[in-house]
Amino acid sequence: DTAAALRDRSKELEAQLASEQEKTSLKQKEIDARDVRLSGLQSRVVGAEQALTAEKEISRQALARVDELNAQIATLRDQLSRIAAALDASEAKVKDQQGQIVELGKRLNLALVNKVEELARYRSEFFGRLREILGDRADIRIVGDRFVFQSEVLFAPGSAELGDDAKKQLAPVIGALKEIAAKIPPDINWILRVDGHTDHRPISSPQFPSNWELSTARAISVVRFAIDEGVPATRLAAAGFADRQPLDARNTEDAYRRNRRIELKLTER
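Each residue of the sequence shown is one higher than the one before, counting from -4 in our numbering.
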């Protein structure tokens, strides 16, 4: 009986031991699971701390960048303020200069008008003297602001050479010009322009291939004679117009004669 009781007690103790071992194993598993969870939580805490540190660094850099941008904005505002002040001063200066330019323009225009009117008076006096000298000749006349010689008065057909008789015809005209020129103030920049014109009938010679050369050569001949007579070359100009500015567009001998001419014009340079 004692042995049986001991066996039963032994079995009972073994069962208790197995139960305790099982409980211990479960507890160990719980501990291991908690350790895993704790390790995960610790990793998350470390990650969160690292993220927080990174965010703090980003915030610090952002704040530094904001301070830098604010400083740049302040500098730009100061520059804009100075530019605006300079622009205001420049606009005021421009307005003042524009006012001066307008005033100078008015004075210049008035001076030019006065000079033109003064030259017109001398031109009128010049033409008056020519009328006195030349009388009412049909081949020498005034057309507008020009004194017109028919080419036949000065030149032979197809020629640009002034003969002795032509020079006698021109001499009083040049004398009247010199007389009037002596009265013209030096600040009036005048010239006597000599224009040569032909009729539209073509010319072709070794000396004058076309009417352009003939009309220009005739004007130059008159200018050279004026220079020889003492008119300053700086007060003379020669131009040839060929048949491009006719007085009479008809195809008649009378029209041809009118269009062959030398024109003298006292004008501004």
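Heads up, the beta-carbon is just placed ideally off N, CA and C, and yes, glycines get one too.
Source: prediction; values computed, not measured.
Cβ shell of serine 216 (< 7 Å), same chain only, five flanking positions each side left out: Within the sequence shown, the letter at position 221 stands for residue 216. Excluding positions up to five away in sequence, the list reads Ala155, Glu156, Leu157.
Among residues of its own chain, excluding the 5 on either side of arginine 136, which ones have a beta-carbon nearer than 7 Å to its beta-carbon? Sequence index remark: in the sequence shown, residue 136 carries index 141 (1-based). Within the same chain, Cβ atoms closer than 7 Å to the Cβ of arginine 136 are found at Val143, the five residues on either side in sequence being excluded.
When you compare only the Cα positions, how much space is there between arginine 141 and leucine 259? On the sequence shown, residue 141 is found 146 positions in, with the first residue counted as 1. On the sequence shown, residue 259 is found 264 positions in, with the first residue counted as 1. Distance between the alpha carbons of arginine 141 and leucine 259 is about 6 Å.
Is asparagine 184 near arginine 264, with beta carbons less than 7 Å apart? Locating residue 184 in the sequence shown gives position 189, counting from the first residue. Locating residue 264 in the sequence shown gives position 269, counting from the first residue. A contact, by the Cβ cut-off of 7 Å.
Span of the alpha helix (DSSP H), counted from its first residue to its last, around arginine 136: Taking the first residue of the sequence shown as 1, we reach residue 136 at position 141. Careful: arginine 136 lies outside any alpha helix (DSSP H), inside the beta strand (DSSP E) at 135 to 138.
Given a cut-off of 7 Å, decide if leucine 261 and leucine 187 are closer than it, judged by their beta-carbon atoms. As a first step, residue 187 must be located in the sequence shown, where it is residue number 192. As a first step, residue 261 must be located in the sequence shown, where it is residue number 266. Going by C-beta atoms, leucine 187 is nearer than 7 Å to leucine 261.
Segments of 4+ residues assigned as alpha helix (DSSP H) that fall wholly inside the stretch 158 to 192: DSSP runs (the alpha helix (DSSP H)) wholly in the stretch 158 to 192: 159 to 176.
Would you mind stating whether phenylalanine 150 and histidine 192 have Cβ atoms separated by less than 7 Å? Numbered from its first residue, the sequence shown carries residue 150 at position 155. Numbered from its first residue, the sequence shown carries residue 192 at position 197. Phenylalanine 150 is not a Cβ neighbour of histidine 192, given a cutoff of 7 Å.
If you draw a straight line from the alpha carbon of proline 346 to that of alanine 234, how long is it in whole angstroms? No answer is possible for residue 346: it lies beyond the span of the chain, which begins at -4 and ends at 264.
Backbone CA spacing between glutamate 98 and valine 108 [nearest angstrom]: Your numbering for residue 98 matches position 103 in the sequence shown. Your numbering for residue 108 matches position 113 in the sequence shown. Straight-line Cα distance between these residues: approximately 15 Å.
The stretch 205 to 216 / the stretch 173 to 181 touching (three or more Cβ pairs under 8 Å): By the C-beta criterion, the stretch 205 to 216 is judged not to be in contact with the stretch 173 to 181, since fewer than 3 inter-stretch pairs fall below 8 Å.
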